[in-house]
Structure formats: structure tokens, C-alpha cells
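Participant:
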Amino acid sequence: MKPAGSRSVGLVGAGFIGEVHAKAWRALGVPLKICEEDPGRSARLAGQLGAGQASWEELLDDPEVATIDLCLPTDLHRRFAEQALARGKHVFCEKPVALRTEDAAAMEQAARSAGKLLGIGHVLHFWPAYRFAHQLASSGRYGAPLSLSARRLGTAVTWSAGNWMQDPARSGGALFDLHIHDLDFALWIFGAPTEVGAAGRRSSSGAWDAVNSLLRFGERGCANLEGSLLLPPSFPFTMDFRLDLEGASLLYRFQAGANLGGASTEELVLYPKEGAAEPQVIPEGDPYLLELQSFLAAQSGPGEVVTAAEAGLALQVAQELRAALERGGGAMG
Ligand SMILES: NC(=O)c1ccc[n+]([C@@H]2O[C@H](COP(=O)([O-])OP(=O)(O)OC[C@H]3O[C@@H](n4cnc5c(N)ncnc54)[C@H](O)[C@@H]3O)[C@@H](O)[C@H]2O)c1
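Residue numbers (the working numbering): -4 to 328.
1. Can you give the Cα-Cα distance for A303 and A100, rounded to whole angstroms?
2. By the DSSP assignment, the alpha helix (DSSP H) with L310 in it spans what residues?
3. Is the closest heavy atom of ligand 1 to the C-beta of E32 under 6 angstroms?
4. Would you say the beta carbon of T233 is closer than 6 angstroms to some non-hydrogen atom of ligand 1?
5. Round the Cβ separation of V4 and L27 to the nearest angstrom and send it over; I've been treating them as touching at under 8 angstroms.
6. Going by DSSP in three states, R82 sits in which element: helix, strand or coil?
7. Identify the continuous alpha helix (DSSP H) that holds S108 and give its terminal residues.
8. Can you list, in chain order, the residues of its chain whose CB lies under 6 angstroms from that of E376, leaving out five sequence neighbours each side?
9. Taking 6 angstroms as the cut-off, is the C-beta of S229 nearer than that to any heavy atom in ligand 1?
10. When the Cα atoms are used, what is the spatial distance from F171 to G270?
11. Using only the alpha-carbon positions, how far apart do A81 and E52 sit?
12. DSSP state of L40, grouped into three classes?
13. Are there any heavy atoms of ligand 1 lying less than 6 angstroms away from the beta-carbon of G222, as far as the coordinates show?
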């Protein structure tokens, strides 16, 4: 699959998610150049995928590189995005867009000034079961959405480069790194919330690493969401949701084999008000590949992109939740 006239992508940061993106770009047939601080990691992945390697300055100087894909620790997103946009590159940047709404706004402004595309990796927009839920809610087939309940549960991330994930100033902890996926999902379904509240636990790093949040969307609906990175290492990564509509409920459950590895199981079932439960065939597709493919398509035609403004709204809600958590205190550990 080689998009016509595709130019190279410069992937910056080849860690956990960078490797996923690198494989997706190669599966799309896109020439790839990897920029990674750890030379061993860069050489291994470049060798495995037949990709090139480059420094940050080389990527910026390279006219063949039209797109920069930022898979860096979150606190670096703004600086790298602004530099790349100023040099005329389209930028795809992993979520969360940044850790402060002013950074997200500055990134959005930089894209506007440069006349380039800036897309944020809120991958649930391309995750088949979440996409199905969104389409069901917007189709009106079972009436309006009324309430959403969603969870995302895992163990502490210990593999990140230099352990940056354990530093709340760099990652924002589970509230900004993990829970933000379900905040984005809830906002995608209902729009901006009118009121938010939360209770949670801090880990020893000081980060809010277990969060239960309640969102009200005026008369449009409500959501209760849970995100935690404080489960024991033996606990398999789990994500699920139940979306209640006027005429049906949709239930999704995903569980990995062990933490993020091993064989996973998932099910998606529609429970209509009338009639029997309807298990759904979950559409095939690698959501990371689909989001990158869509970003590429959007550079020259129609293609869905999660904008920095949308991502900034999820970030703003995460900030409001943190304020609510800090007002309410919370247990440690
Ligand atoms: N969408 C998703 O499902 C998802 C999943 C995981 C992570 N993420 C996000 O992706 C981003 C990266 O997370 P990760 O888990 O891959 O982290 P990671 O630590 O595994 O990878 C980051 C990589 O960036 C490299 N790096 C750091 N500074 C660099 C620099 N100046 N130049 C070049 N390389 C540099 C590190 O050496 C490391 O290899 C974060 O924003 C995170 O929130 C998104």
C-alpha cells in the first residue's frame, strides 16, 4: 500500500508508541526516517523496518520529509511541534497534546501560521469499537445518547525512557496520560461538559494515578469514567465502556492477556430495548495505522484528524479534574 506521491515521514522518539507508529508507516509503504536519542534503539528499529536514521536538524532540513510524527515524552511535544511547523512540516503528535492548555493553544496557532496540518493521536477515534459507538450515537438509530460509563485500568508504566512517565511534571500521571483517552471519548460523544468532579488517589510520585470522574453535559447526558495505573503488575490491561442510548445499550469489553502483552479478548454487544442481545462483529483494523493513514490523506484531501483544539478541550477537562482532585484531597498509595 503506497500512497501516491508520498514523501518521507520523520518519526521522532522510537520508544513504546514510536515503534507502533513506525510499523504502521512501513505497512502503509511510507519511507521513514527515525530520529531517536537512544542510538541502539534507533539502529535496531531502522534495521528491522528498512528505515533511515537522522538527527532532528537533518529531519528539519530534509525537503523529502513532509511529515513529522512526534512520539516523544509529553513535555517535549510543544517545542518539537513548533519547530517542525515553522520549518514547513505537517505534524502528527501523540496525545496528550501537551500538559497545559496554553501549550496546546500555542501549537494550534503555530499550525495556523504555518498553514500546515497538526493532528493529535487520540486514537479512540479510529479504534473500531469506539468508532462504532460514536457512529451509533450520531446516527440517532437508537435515539440520543444518555450516559456513558468507561474504564481504563493498568499497572504503573516502568519501561519509559529515563522513567519519564513516573515524573508528573513530564507525563501528568494517569489523569493526563491514560484517563484523557476516555475524556476525549466522552467529549466526542457529548460535546463539552458543563460540570466536572472527581475523586482519586495519588501515587508516591505525587501524580493522580487513579481517578474517578463525573462529567455532566447539561441536559445532554452524563459520564462516569475511571482511569488507573495503580493496579498490580499481574492485572491485565483492561478497557471497557457502556453507552446507554434512548433505545439501547452498547457494551464493550477488552482485556489484554497480561499487562499489555499476551492474547487479548474483546466483545461488543448491543442490547436493544426490544428484542434479544445482538453481539457485534467488531470491524477489523489497526487503529494506529488507520489514524496515520487518515492524517496522510488529510494533507491533500478528505481525511479525519483530531485537531489540537479538540485535544485541548480534553486537556482542559483534565486540568479541571486535577483542580477538583486537589480541592478534595485524596488518599496516597
Ligand atoms: N495513543 C496511545 O495509545 C499512546 C500509548 C502510549 C504512549 N502514548 C504517548 O506517546 C508519547 C510517548 O510515549 P512512550 O510510551 O512511547 O514513551 P517512551 O519513553 O517509550 O518513548 C519515548 C522515546 O523518545 C525518545 N526521546 C526522548 N527525547 C528525545 C529527543 N530529544 N530526541 C529523540 N528521541 C527522544 C526516548 O529515547 C524514547 O525512546 C507520550 O506522549 C505518550 O503519552 C500514546
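In this text, a Cβ means the ideal position worked out from N, Cα and C, and glycines have one as well.
Facilitator: On the basis of the supplied data:
1. 7 angstroms
2. 303 to 323
3. yes
4. no
5. 5 angstroms
6. coil
7. 96 to 109
8. An answer regarding residue 376 cannot be provided, because it is not within the stretch -4 to 328 covered by the chain.
9. no
10. 40 angstroms
11. 13 angstroms
12. helix
13. no
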